[in-house]
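Residue numbers (my numbering): 8 to 489.
The following block contains the structure:
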């Protein structure tokens, strides 16, 4: 018996190749493509941002659409393009989306973000009506579209009477909490005005309450959301819906992250011809000004400079760590207090530690290929992608046992014969330092076993095909049980 073809409306604020600020965009491209390859009819809806309009200059595919709220008429266009065979509908409302940034001007978040994405969450459904696409599943993503399940319930046209909604939480720390009085589009919705926290509306909370299924981007993160510590202060909401909370691990786009074909690398390599990694290490050391020495273990880290990424653990022990015979390279931008502290340490140990307060795709790829270890001691990490890239590039991850990191990295002490990295649990600096020392000792004293670990990591795969199959099962469950 074949799998039923499901019609999926994928509602999201950004998509890789079209508009991107982070990992959400990667999912929004790769998952719909994987679902299409499984035979489903999937359509993406996203805003028609200024950058997209300047690149494509698309024509409307249907008459101008209208939504009416709070004594205001919202008229918007619908554009269409394709992404590897998946139709992408773009909501064209210049007042909200013809701006230089997606969510900010580069320095400050737009003051009307709550209004912009309340409108978009509703306009996505109107777009489905305009193109006569009646979905079985409306798949929403993060706070930007978390009101869509509510708007499905509020819709009285009957168009979505059989539609079920899924809300994927990519990062529950960002919840879209805004003063209700500052969101004109929602003023007619008294059902929402009765669900405020003080005077504020929490978009993720509303999504949890109204979606048929709630999904996290890794199984372990899904479990963490059900705990007081890991729920991002939404413990009661998640507990109330615990039977509908799920976790599916994101895949990795191995077309972009393959050391055998990566054009950014000094030399390509794979498990059968691994020597190219040595050239990549030498190239990276030379590029950033570290001594070119193949025997010194090089620890790399590329990320946003935020507390979430574990700098609260790293900074207190950085001086101790740099007493060891190692090299450390950190690339990233973000919190000035973190970058200032890193620059101080780098200035004190120029032959051991380089900090680059910037980001480029080329340097990210060079770091993944040229490092021996990748450091990712996150406070929380819903899924994480860099540990997947690291494994593919033969770079051994050092991670904390949280979220998707726990799902993807096997610790040496836990399962020696299938280990792919080094994992610590306790959220403190001493646990991190002990874990790094354990990794360094293994590197120096057991070179052949370390090489075996590298090869196991390179042979590990987290595919979007597998993720697509699990989402397919989640959709079927939603349709059967609501």
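The C-beta atom is built at its ideal place from N, Cα and C for all residues, glycine as well.
- Between residue 55 and residue 99, the gap from beta carbon to beta carbon is short of 7 Å.
- Ranked by Cα distance from residue 140, the options 178, 13 and 284 are led by 13.
- A direct Cα-to-Cα measurement between residue 352 and residue 257 gives close to 35 Å.
- Annotation: residue 14 is outside any alpha helix (DSSP H); the continuous beta strand (DSSP E) that includes it extends over 14 to 18.
- About 14 Å separates the beta carbons of residue 345 and residue 366, which is beyond the 8 Å limit, so they are not a contact pair.
- As for any beta strand (DSSP E) of minimum length 3 sitting wholly inside the stretch 117 to 183, the runs are 144 to 148 and 171 to 176, ordered along the chain.
- Contact annotation: residue 199 and residue 125 have beta-carbon atoms that are not nearer than 7 Å.
- Residue environment: residue 80 is assigned as exposed (fewer than 16 neighbouring CB atoms within 10 Å of its CB, all protein chains considered).
- A contact is defined here as three or more CB-CB pairs under 8 Å, and the stretch 172 to 186 meets this definition with respect to the stretch 210 to 221.
- Between the stretch 471 to 480 and the stretch 23 to 39 there are three or more inter-stretch CB-CB distances shorter than 8 Å, so the stretches are counted as touching.
- In this structure, the beta-carbon distance from residue 361 to residue 336 falls below 7 Å.
- Here residue 111 carries a strand assignment [DSSP, helix/strand/coil].
- Residue 276 sits away from residue 436, with the two beta carbons spaced by 7 Å or more.
- Residue 389 is not a Cβ neighbour of residue 252, given a cutoff of 7 Å.
- Distance from the CA atom of residue 147 to the CA atom of residue 483, rounded to whole angstroms, is 16 Å.
- Around the Cβ of residue 485, a 10 Å sphere holds 16 or more other Cβ atoms; the residue is buried.
- Fewer than three beta-carbon pairs drawn from the stretch 271 to 285 and the stretch 430 to 446 are found closer than 8 Å, and the two stretches are therefore not classed as touching.
- Counting of Cβ neighbours within 10 angstroms places residue 236 among the exposed residues, the total staying below 16.
- Taken through DSSP and simplified to helix, strand or coil, residue 32 comes out as helix.
- Straight-line spacing of the CA atoms in residue 21 and residue 354 works out to 38 Å.
- Comparing C-alpha distances from residue 205 to each of 185, 341 and 373 shows the shortest one belongs to 185.
- In the structure shown, residue 292 falls within a helical segment according to DSSP collapsed to helix, strand and coil.
- Counted as a single uninterrupted DSSP element, the beta strand (DSSP E) harbouring residue 72 occupies residues 72 to 76.
- With respect to the C-alpha of residue 138, the residue from 382, 150, 189 and 94 having the closest C-alpha is 94.
- Counting only the Cα atoms, residue 210 lies some 15 Å from residue 159.
- When rounded, the separation of the alpha-carbon atoms in residue 264 and residue 400 is 8 Å.
- Taking a C-beta distance under 7 Å as the contact criterion, residue 374 and residue 317 do not qualify as a contact pair.
- In the DSSP assignment, residue 230 falls outside any beta strand (DSSP E) and lies within the alpha helix (DSSP H) extending over 226 to 231.
- Its Cα nearest to that of residue 132, the residue 74 stands out among 74, 182, 89 and 195.
- Separation of the CB atoms of residue 403 and residue 412 is rounded to 13 Å, and the pair is thereby denied contact status at 8 Å.
- Residue 284 sits in a helix when the DSSP states are folded into three classes.
- About 6 Å separates the Cβ atoms of residue 19 and residue 53, confirming a contact at the 8 Å cut-off.
- In the DSSP annotation of this structure, the continuous segment of the beta strand (DSSP E) that includes residue 96 starts and ends at 93 to 99.
- Looking only at 266, 379, 431 and 284, the smallest Cα-Cα distance to residue 387 is reached by 431.
- Secondary-structure assignment with DSSP links residue 50 through a beta bridge to 16.
- Between residue 488 and the set 460, 218 and 86, the nearest pair of CA atoms involves 218.
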